[in-house]
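Chains as they are written, first to last, in our numbering: chain B, 46 to 237; chain P, 9 to 107.
A virtual CB, placed ideally from N, CA and C, is assigned to each residue, including glycine.
Just so it is clear, the structure is predicted and the values come from calculations on it, not from any experiment.
Here's the structure we're looking at; comments come further down.
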Amino acid sequence: MDLPIDVADCLQRWRRGDESAAEELIRHLHPVIARIVRTNLPRRDNEEDIVQEILMKTFSRLHQYKGDAPLSHWVSRLALTTCMDRLRAQKIRPEVRWSDLTTEETEVFETAWLGGKTGDGTGAIHARDLVEKLLSTLEPMDRSLILQADLEGHSLEEISGRTGWGISKIKMRLFRVRAQLRKTMQRLEETK
Amino acid sequence: MNEANQHDEKWRAILGMAAPAYAVEAELPYGLVTKTLARVRAQRMEQQTMERTGLRALFAALAILAVAGGITFGLKHHHGPYMDPGINSIIEEDNVSIS
């Protein structure tokens with residue numbers, strides 16, 4: 046949710062040392078950063094700490110912001126890079142086996158197979174855990190790409206703005222990721 | 009529906025079920041603004057201290073450079089004997105060559 050603030054005015058005030066401007070910027074940028082962190086990092090990661098780390102990076106680099114793109118886009122890229130750096134430190138699973146899933150996750154998998162229905166709060170968390178397991182076989186950037194496209198519904202242009210990649214590269218990569226994801230799901234079923 | 013489509017459908021269904029867990033709350037986490045502002049303030053102060061220290065170090069280095077330059081320049085343009093008169097007279101008496 047974007048709060049209606051005058052970003053340019055806030056930045057000027059911040060540069061003059063006005064702390065209330067920093068507070069307005071934090072309130073404005075928090076939803077953007079929190080969404081990226083929640084989408085890209087596993088649930089077990091300490092979301093608040095990472096959001097704060099990104100906010101700190103934002104403030105320490107604000108002098109580099111030229112204003113040619115909206116501030117939220119500039120911050121999105123910074124947030125995405127931070128998440129990717131964190132994910133790179135984590136291991137990529139070679140595959141996901143049926144025995145790796147909890148009972149609840151297998152239920153989600155079976156329910157989705159039968160047509161899928163919107164889960165309640167707990168169901169959503171189990172479904173998210175399952176999504177994370179399925180995506181744990183992918184490269185960090187591939188995970189991010191597929192979630193930006195399929196979960197957040199971003200257009201190729203928007204993803205390009207966030208990642209700095211060309212449209213054709215994103216298209217090709219998404220095609221490959223979907224194929225890999227199909228393979229992962231197929232292998233998962235085979236290990237039942 | 010072929011197998012690839014089935015898997016795509018299933019992926020979308022799982023993602024659809026998971027979507028509420030990815031939603032971000034409208035409210036900011038308690039204390040986030042205060043904590044972040046405190047850290048930003050500390051970071052700013054640290055940066056200012058670093059800048060001040062850096063400037064002082066730079067001025068000190070420039071001063072040393074100026075003094076060293078002055079000494080070198082003075083020595084280069086000094087046409088008299090390089091050593092004190094006592095030593096000079098010994099050198100002259102013994103005809104010691106100084107390379």
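Secondary structure of B/P115 (DSSP, three-state): coil. Close to B/D195, with beta-carbon spacing below 8 Å, are these residues of chain P in chain order: W19, R20, L23.
Within the model, the alpha-carbon separation for P/E11 versus B/I170 is close to 27 Å.
Here the alpha carbons of B/R142 and B/A194 stand approximately 26 Å from one another. When rounded, the separation of the alpha-carbon atoms in B/I99 and B/I78 is 8 Å.
Taking C-alpha positions only, B/R207 is separated from B/H118 by approximately 7 Å.
When Cβ pairs closer than 8 Å are counted between the two stretches, the segment 132–152 of chain B is seen not to touch the segment 196–207 of chain B, the count staying below three. Contact check for B/R173 and P/A26: beta-carbon distance about 4 Å, within the 8 Å limit, so the pair qualifies. At a Cβ-Cβ threshold of 8 Å, P/K18 and B/Q97 do not count as neighbours. The alpha helix (DSSP H) runs lying completely inside the segment 174–231 of chain B and spanning 4 residues or more are 185–191, 201–208, given in chain order. Judged by DSSP in its simplified three-state form, P/H15 adopts helix.
In the DSSP assignment, B/A67 falls within the unbroken alpha helix (DSSP H) covering 64–85.
Our two residues, P/K84 and P/L66, have alpha carbons roughly 27 Å apart in a direct line. The beta carbons of B/R83 and P/V32 sit closer together than 8 Å. C-alpha of B/K237 to C-alpha of B/R218: approximately 29 Å in a straight line. Within the same chain, and ignoring the five residues on either side of B/K216 in sequence, no residue has its Cβ closer than 6 Å to its Cβ. For B/A67, the C-beta contacts it makes with chain P under 7 Å involve L45, V48, in order along the chain. P/A34 and P/Q51 have their alpha carbons spaced roughly 28 Å apart. Non-local beta-carbon contacts of B/S189 in its own chain, meaning distances under 6 Å to residues more than five positions away in sequence, involve N85 in chain order.
Taking a contact to require three or more Cβ pairs closer than 8 Å, the segment 224–236 of chain B and the segment 55–63 of chain P do not qualify as touching.
Secondary structure note for P/R47: its alpha helix (DSSP H) is the uninterrupted segment 40–84. Legend: CB atoms of the segment 93–114 of chain B lying less than 9 Å from CB atoms of chain P belong to residues E93, V96, Q97, L100, M101, F104, S105. At a Cβ-Cβ threshold of 8 Å, B/H73 and B/I95 do not count as neighbours.
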